[in-house]
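Just so we're aligned, residue 34 is where the sequence shown starts under the numbering used here, counting upward by one.
Note that CB positions come from ideal geometry on N, CA and C, so glycine has one too.
If you're wondering where the values come from, they're calculated on a predicted model, not measured in any experiment.
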Amino acid sequence: MSSTNIVETRGLTKRYGSGVVAVQDLNLNVHRGEVYGFLGPNGAGKTTTLRMLVGLIRPTSGRATVVDGTPGSAQSLRRVGAMVESPAFWPYLSGRDNLRVLARYCGAPEKRVKSLLDEVDLSQRAREQFANYSTGMKQRLGLAAALLKDPDLLILDEPTNGLDPQGMADFRELIKRIGQGARTVLLSSHLLGEVEQICTRVGVIAKGRLVAEGSIDELRGGSRLLIRATPSDRARALLEQEAGAENVALADGVFSVKLDPDKAGAVNRHLVEAGLEVTELRAGERSLEDVFMELTGTEGGL
């Protein structure tokens, strides 16, 4: 495994029965210390992948290394915290007592319970039974449980599912705080806004296959200038001289030029000096939603 990767998979595949392929030939690279967004539509294979990474299910073929160990091994699990699908606790124990029991089972110091309840903003409700918790409170307690061992890697599967807009915003801020420093966060989601706001790098999965991986800027294709200038044939010729023919595209009368926006002033001057009429010039970039739709053939966030 590369020294920069905390999670690495090669050819990871999971088949069910004779014809269902949930994940196929997955090559994933999660770097140490980053917040990695595992993005894909519902049913793309995200949860199946995460279940393989924590050892809940075995792959049909391929291999994976998670925090320098085999998924599900003691060496790997002692450095991994995970919340895969909905968190489950003893319903008639309080939030605090649930964490105390789990701390004993996983060998974590019980004194961490108080600080974790503070960290996930549950201290005021820690004595209440889990059965009476709201969806947001249950998610927060699940996050606290995943952090009990102070893990190097935190794996979260659709952590904002079922939350209202305010709950989603609060949870995103919580993940941002937790993902600071040396800890790595691997976050699966089908919500583009969520990934865009908190993730350093992204992997996009569709129909069980990884179709793209990189920073959000890399996936978007870098910086662009959007220019409306006439006559368009002369404008195209000049812009191709500036940026290269392969970096100039025209749609609905607007040129999209792959060029640093800092060069907007110089480009505008050259167009005007050549006698062209420039009616629009602005920085632009493809949205993550545009990229997602191109890669997966679905509408973003569905």
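Span of the beta strand (DSSP E) around residue i
i       : result
Pro-214 : First, the amino acid is wrong: residue 214 is Gly here, not Pro. Neither: Gly-214 is in no beta strand (DSSP E) and is coded neither H nor E.
Gly-43  : A small fix is needed here, since residue 43 is Arg in this sequence, not Gly. Taken as a continuous stretch (DSSP letters only), the beta strand (DSSP E) holding Arg-43 covers 38 to 49.
Gln-172 : Counting along the chain, Gln-172 falls outside any beta strand (DSSP E), though it belongs to the alpha helix (DSSP H) covering 168 to 179.
Leu-72  : 68 to 72
Val-146 : Not the beta strand (DSSP E): Val-146 falls in the alpha helix (DSSP H), residues 145 to 152.
Thr-312 : 310 to 317
Cutoff 8 Å; reference residue i; Cβ partners in own chain excluding five residues on either side
i       : result
His-303 : Leu-271, Glu-275
Arg-89  : Going by the sequence as given, residue 89 is Leu instead of Arg. Correct list, in chain order: Gly-105, Val-117.
Val-305 : Val-311
Gly-214 : Gly-66
Ala-136 : Pro-142, Glu-143, Arg-145, Val-146, Leu-181
Leu-335 : Residue placement at Leu-335 cannot be trusted, given a pLDDT of 43 that sits under 50; what the coordinates show is reported in the next sentence. Contacts found: Pro-74, Asn-75, His-223.
Reduced DSSP category for residue i - H, G, I as helix; E, B as strand; rest coil
i       : result
Arg-129 : helix
Gly-334 : Confidence at Gly-334 is low in this model, with a pLDDT of 45, below 50, so the placement of that residue is unreliable and no value is reported for it.
Phe-204 : helix
Glu-357 : In the structure displayed, the chain extends from 34 to 335; residue 357 sits before or after that span and is not available.
Arg-91  : coil
Ala-97  : strand
Arg-253 : helix
Phe-163 : helix
Exposure label - residue i; buried when at least 16 CB within 10 Å
i       : result
Gly-277 : exposed
Arg-210 : exposed
Arg-216 : buried
Ser-127 : buried
Asp-250 : exposed
Chain-order list of residues whose beta-carbon lies under 7 Å from that of residue i (same chain, five-residue window excluded)
i       : result
Gly-102 : Gln-108, Ser-109
Val-281 : Arg-269, Leu-272, Glu-273, Phe-288, Val-290
Cys-139 : Leu-181, Lys-182
Closer than 8 Å to chain C by CB, residue i
i       : result
Arg-261 : In the structure shown, chain C does not exist; there is a single protein chain.
N- and C-terminal bounds of the alpha helix (DSSP H) containing residue i
i       : result
Phe-325 : 321 to 329
Gln-57  : Segment 53 to 59 is the beta strand (DSSP E) holding Gln-57; no alpha helix (DSSP H) there.
Val-228 : 225 to 231
Leu-271 : 265 to 276
Gly-353 : The question about residue 353 has no answer here: the residues shown for the chain are numbered 34 through 335.
Cut-off 6 Å between Cβ atoms - residues of its own chain near residue i, not counting five sequence neighbours on either side
i      : result
Val-27 : Nothing in the structure corresponds to residue 27, since the chain is present only between 34 and 335.
When the Cβ atoms of the segment 222 to 235 are set against those of the segment 287 to 301, are three or more pairs found closer than 8 Å? no
For the pair the segment 78 to 89 and the segment 45 to 52, tell me if three or more CB-CB distances fall below 8 Å. yes
Contact between the segment 47 to 59 and the segment 175 to 194 (3+ Cβ pairs under 8 Å): no
Touching or not, the segment 93 to 101 and the segment 114 to 130, by the rule of three or more beta carbon pairs under 8 Å? no
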